[in-house]
Amino acid sequence: SILDKRARIDNIFSKNLQLKSMLAGVVIGCFTETEFAFFLENKSEISKEIKMLTVKRIKDELTGKAPMLEITH
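Our numbering applies: residue 4 is where the sequence shown begins, and numbers increase by one.
Put into C-alpha cells, the structure is as follows:
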C-alpha cells in the first residue's frame, strides 16, 4: 500500500546514514558558490530541509504524486 511505501522510505532514511549523506551531497553539489556559502553559514537548518525535501520527492515518485517535468531541447 502507499502508506507502507511511505513508512518504509522513512525507515530507510532514518537508518541508512550513508544513503542520506550521499543524496544530500548530490543536492549540495548542484549549489552555486553563493548558495554553498549560504549553506555553510546555515548548515544545520538547510541540511534538515534537504533531507525533508528529498524524502518527500522520493515518496511522491514512488506513490505517483510527483509532478511531471517537461524536458525541452
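Cβ coordinates follow ideal geometry from the N, Cα and C atoms, glycine included. No experiment lies behind these values; they were computed from the predicted model shown.
Is it true that the CB of Thr57 sits closer than 7 Å to the CB of Leu26?
Translated into positions along the sequence shown, residue 26 becomes position 23. Translated into positions along the sequence shown, residue 57 becomes position 54. Against a cut-off of 7 Å, the Cβ pair of Thr57 and Leu26 comes out as a contact.
So Ser17 is in the alpha helix (DSSP H); what residue range does that whole segment cover?
Position 14 of the sequence shown, counting from 1, holds the residue named residue 17. First-last of the alpha helix (DSSP H) with Ser17: Ile5 to Lys18.
Please return the same chain residues whose Cβ sits closer than 7 Å to the Cβ of Ile61, not counting the five positions on each side in sequence.
Within the sequence shown, the letter at position 58 stands for residue 61. Correct list, in chain order: Ile12.
Looking at the secondary structure, which residues open and close the alpha helix (DSSP H) in which Thr57 lies?
Here residue 57 is taken as the residue at index 54 of the sequence shown, counted from 1. Taken as a continuous stretch (DSSP letters only), the alpha helix (DSSP H) holding Thr57 covers Lys46 to Leu65.
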